[in-house]
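Peer 1:
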Amino acid sequence: MATSFSLKALITATLLGAAGLVMAHGNVTPQEVDTGNLPTLGEDVLLENPFREGNAHGDANAQAVEIGESAYAGNCAGCHGIRAMSGGLTPDLRELTEWDDEFYINRVRNGTDRGMPSWKKTLDQNAMWAIKTYVESLPKPE
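Here the sequence shown stands for residues -24 to -1, 1 to 118, numbered as in mature numbering (1 follows the signal peptide of the UniProt record, and there is no 0).
Below, the structure written as structure tokens:
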């Protein structure tokens, strides 16, 4: 009987702890992103990463990676993990591909009903695409 109670208490504590993590997802104090000398992308939402090598502003790729690393650390790592290595509660962003650009920009701009906040009033698309450029620079998960 005591073992059954202990097991129930352990399961309850685990579920409450996991619920707390899920509820905390998206509870991030936004950090300003200095996009430096990156080309200004304007207000029209781009559906493809302009800073990817070979794209419109691919010549700014290295600078975008550097800016994106700082922007990611200040705004994304709390939920998506250091160097985009998710702990399992959030998607592993390293698995995104160039074919996921439209999905990415819409998700970051609009958020989700499961805890991801909308960033469109906080980050401009220069910062959003710099973050994606940084994530693309990371090694893919094994």
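For glycine and all other residues, C-beta sits at the position ideal for the given N, C-alpha and C.
Please state the DSSP three-state secondary structure of Val41.
Peer 2: It is helical.
Peer 1: Measuring alpha carbon to alpha carbon, tell me which residue in Gly64, Phe79 and Arg59 is nearest Arg70.
Peer 2: The shortest C-alpha separation from Arg70 is found at Arg59.
Peer 1: I need the straight-line Cα distance from Lys96 to Glu118, nearest angstrom please.
Peer 2: Cα to Cα, the separation comes out at about 32 Å.
Peer 1: With H, G and I counted as helix, E and B as strand and the rest as coil, what does DSSP make of Asn102?
Peer 2: Helix at Asn102.
Peer 1: Looking at Val21 and Ser113, is the spacing between their C-beta atoms short of 8 Å?
Peer 2: For Ser113 and Val21, no; Cβs fall outside 8 Å.
Peer 1: Taking C-beta to C-beta, are Trp75 and Phe27 nearer than 8 Å?
Peer 2: Their beta carbons are not under 8 Å apart, which means Trp75 does not touch Phe27 by this criterion.
Peer 1: Exposed or buried, Asn13, counting other C-beta atoms within 10 Å across all chains shown (16 or more means buried)?
Peer 2: When all chains shown are included, Asn13 counts as exposed.
Peer 1: Taking the CB atoms as reference points, tell me whether Asp77 and Glu24 lie closer together than 8 Å.
Peer 2: It is a contact, given that the beta carbons lie within the stated cut-off.
Peer 1: With a threshold of 16 other CB atoms inside 10 Å of the CB of Lys116, please say whether the residue is buried or exposed.
Peer 2: Under this definition Lys116 is an exposed residue.
Peer 1: I need the straight-line Cα distance from Gly63 to Asp35, nearest angstrom please.
Peer 2: Answer to the nearest angstrom: the Cα atoms are 33 Å apart.
Peer 1: Once you ignore the five residues that flank Asp10 on each side, which residues in its own chain have a CB closer than 6 Å to its CB?
Peer 2: Once the five neighbours on either side are set aside, Asp10 has no close Cβ partner at all.
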